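Take any residue in the sequence shown, count from 1 to its spot, add 4: that is its number in my numbering. In this text, a Cβ means the ideal position worked out from N, Cα and C, and glycines have one as well. Please read these numbers as outputs of a predicted model, since none were measured by experiment. Single-structure report; data block below.
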Amino acid sequence: MSQASTPQERVAAARQLYAVLKEYLDRPTWTPIEGALILSGLHAPVGCTEFPREAPGLDGRPFKGDVVDRWTKAREIMRLWEWRCQDDEESDTTTPAQVAPHDFIEWCQDLEVETQWMRLMFDVISRGKAQSDQPDWIPLAVAEYAAQAAETISAIHALAGQVSSDSPVSAPAPNKVEKSAPRVPMPVPTNRDHVSTEELAAILAIEPQSILKRHSKDGSYLGIRPTKLPNRRLLWPVADVKRLLNVGGLEPGAE
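Right, here's the structure in full:
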C-alpha cells in the first residue's frame with residue numbers, strides 16, 4: 005500500500021488491503037503457521053502447516069526488503085506457539101491443530117504480541133469505526149482528497165437544484181445556448197431561497213455577463229444584492245428576484 009502515491013491510489017490500495025484482510029478473517033480456522041504469517045503481514049495458503057519458501061505481503065508487495073522482516077516476525081510468533089505446545093504436553097493437554105481467527109488473535113494479545121497488521125485486523129472487525137480511546141488519524145493527502153470529492157458531490161447536488169444559502173458551492177454554469185435561438189425566460193424556482201448568476205440571467209432572459217458587469221460597479225443588480233461565496237460565485241435571493249419582476253415590472257430581456 006505504501007507504493008501508492010496519489011490519494012486516489014492510496015484509497016484504492018487501502019480498500020484492496022481491507023478486502024484481503026476480511027477474506028482471511030472469514031476463514032473458519034487458521035493453522036498456527038497460517039495465523040503467524042497473516043498477523044505478520046504475509047499471504048498464507050489455506051491450511052498450511054509449513055512455512056512456504058517465500059510469501060508476498062498482504063499489501064501486494066513482493067518478498068524482498070522489509071517484507072522479509074515480516075517473515076522474522078512470523079517465526080517469532082511460531083516460536084511462542086511451540087512453547088505453548090511444550091507446556092500443553094507437560095500438562096497432558098491437546099494443542100489444537102487449527103484455531104478460529106479471533107481466538108488466535110486473542111492468544112497473541114495474551115502474550116502481548118503486537119503487529120501493525122493486528123491493528124488493521126481490529127479495524128476490519130470493528131468495520132472501520134473509530135476507537136474512542138485512540139485518535140482517528142487519516143493521512144492529510146487522503147483527507148484532502150475526500151474533502152475535494154465531497155465538494156464535487158455538492159456541486160452535482162447544486163446542479164440538480166439543491167443550492168442553499170449556506171452551501172459552500174453553487175451550481176456550475178450550464179452550457180451556453182446558441183445565440184440563434186430566442187431566449188425564453190426561465191420560471192422563478194418556487195422551492196429555492198437563492199439562484200445562481202446563470203439562473204438569474206435565464207430568468208431575466210439576458211446574458212450573465214450583463215449581471216456581472218453591473219454587479220462589479222455597485223455590488224448589486226437592479227437593487228438585488230447577492231451573497232458572495234468563498235469560491236467567488238454569487239447567490240441571488242429568490243424573494244428579491246420575485247419583487248423585481250412583480251413590483252418593478254421588469255420585462256424579461258431588459259437590462
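Nearest to residue i (by Cα), restricted to the options the options
{"i": "Val128", "options": "Tyr28, Lys221, Val103", "result": "Tyr28"}
{"i": "Val72", "options": "Ile228, Glu80, Gln120, Pro60", "result": "Pro60"}
{"i": "Leu46", "options": "Asp30, Val24, Val242", "result": "Val24"}
{"i": "Arg57", "options": "Pro212, Lys26, Asp114, Ala48", "result": "Ala48"}
{"i": "Met125", "options": "Pro32, Arg236, Ser44", "result": "Ser44"}
{"i": "Asp30", "options": "Glu13, Val50, Pro193, Glu203", "result": "Val50"}
{"i": "Arg247", "options": "Ile37, Leu21, Val192", "result": "Val192"}
{"i": "Asp114", "options": "Trp85, Arg218, Gln102", "result": "Trp85"}
{"i": "Glu202", "options": "Gln120, Ala40, Pro189", "result": "Pro189"}
{"i": "Thr33", "options": "Cys52, Trp240, Lys232", "result": "Cys52"}
{"i": "Asn250", "options": "Leu239, Leu208, Gln213", "result": "Leu208"}
{"i": "Arg74", "options": "Glu211, Thr119, Arg237, Gln12", "result": "Thr119"}
Cα-Cα separation, residue i to residue j
{"i": "Thr10", "j": "Ala17", "result": "10 Å"}
{"i": "Phe108", "j": "Ala78", "result": "13 Å"}
{"i": "Ser220", "j": "Pro230", "result": "12 Å"}
{"i": "Arg83", "j": "Val117", "result": "12 Å"}
{"i": "Met5", "j": "Ile42", "result": "Residue placement at Met5 cannot be trusted, given a pLDDT of 48 that sits under 50; the coordinates are not used to answer."}
{"i": "Asn235", "j": "Arg65", "result": "42 Å"}
{"i": "Met122", "j": "Gly223", "result": "59 Å"}
{"i": "Thr76", "j": "Pro105", "result": "21 Å"}
{"i": "Leu226", "j": "Arg19", "result": "53 Å"}
{"i": "Cys112", "j": "Glu80", "result": "11 Å"}
{"i": "Val242", "j": "Lys232", "result": "15 Å"}
{"i": "Ala40", "j": "Arg196", "result": "60 Å"}
{"i": "Lys26", "j": "Ser130", "result": "11 Å"}
{"i": "Glu54", "j": "Tyr22", "result": "25 Å"}
{"i": "Val103", "j": "Asp63", "result": "24 Å"}
{"i": "Ala101", "j": "Gln90", "result": "14 Å"}
{"i": "Glu110", "j": "Val15", "result": "29 Å"}
{"i": "Leu204", "j": "Glu13", "result": "40 Å"}
{"i": "Arg237", "j": "Glu38", "result": "58 Å"}
{"i": "Gln213", "j": "Leu239", "result": "15 Å"}
{"i": "Glu211", "j": "Ile228", "result": "17 Å"}
{"i": "Thr194", "j": "Arg218", "result": "26 Å"}
Cross-strand partners of residue i (DSSP beta bridge)
{"i": "Lys232", "result": "Leu238"}
{"i": "Leu25", "result": "Paired residues: none, contrary to the question."}
{"i": "His198", "result": "Pro241"}
{"i": "Trp121", "result": "Beta-bridge pairing links Trp121 to no other residue."}
{"i": "Val103", "result": "Trp34"}
{"i": "Leu46", "result": "Gly61"}
Neighbour-count burial assignment, residue i, 16 or more Cβ in a 10 Å radius
{"i": "Thr35", "result": "buried"}
{"i": "Trp87", "result": "exposed"}
{"i": "His198", "result": "buried"}
{"i": "Val245", "result": "buried"}
{"i": "Asp92", "result": "exposed"}
{"i": "Ser200", "result": "buried"}
{"i": "Leu216", "result": "exposed"}
| message | Does the contact criterion of 3 or more C-beta pairs under 8 Å hold for the segment 54-69 versus the segment 92-103? | response | no
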